Amino acid sequence: MTKADLVSKIAGAGGITKAQAEKAVDGFVAAVSQALSTGEKVTLVGFGTFSVGSRSQREGRNPRTGEKIKIPASKVVKFKPGKSLSDKVK
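Numbering (full-length UniProt numbering) for the sequence shown: 1 to 90.
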């Protein structure tokens, strides 16, 4: 599903225009991004939880040359699905 598909479904389900639905989707993405960038967790009961985790520095290999390289530490976004979402997917 693309962003355009999501906007269309939200507009239909909510009885609003596609422009309003797109603003809502953009607002949701901006709010979640802002919260995660400050280290907060975002929990949507029944849907899931977005959080920030950290990956430690590790050693990898260049697939072309086989040479060892150091992969720097980084932060990653994690998503843990809620029970309702997990049950719907099964």
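Positions of the beta carbon are idealized from the N, C-alpha and C atoms, including for glycine.
This structure is a prediction, so every number in the text was calculated from the model and none was measured.
With DSSP collapsed to three states, give me the class of residue i.
i, result
"Val42", "strand"
"Lys90", "coil"
"Gly12", "helix"
Mind checking who residue i pairs with in its DSSP beta bridge?
i, result
"Ser51", "Lys78"
"Lys70", "Glu59"
Looking only at C-alpha atoms, which of the options sits nearest to residue i?
i, options, result
"Glu59", "Leu44, Pro72 and Phe47", "Pro72"
"Gln57", "Lys75, Lys9, Asp87 and Gly46", "Lys75"
"Thr49", "Gln20, Ser84 and Ala13", "Ser84"
State the Cα-Cα distance for the pair residue i and residue j, rounded to the nearest angstrom.
i, j, result
"Ser51", "Glu40", "7 Å"
"Arg42", "Arg61", "Residue 42 is actually Val in this sequence, not Arg. Rounded to whole angstroms, Val42 to Arg61 spans 35 Å at the Cα level."
"Gly53", "Leu36", "10 Å"
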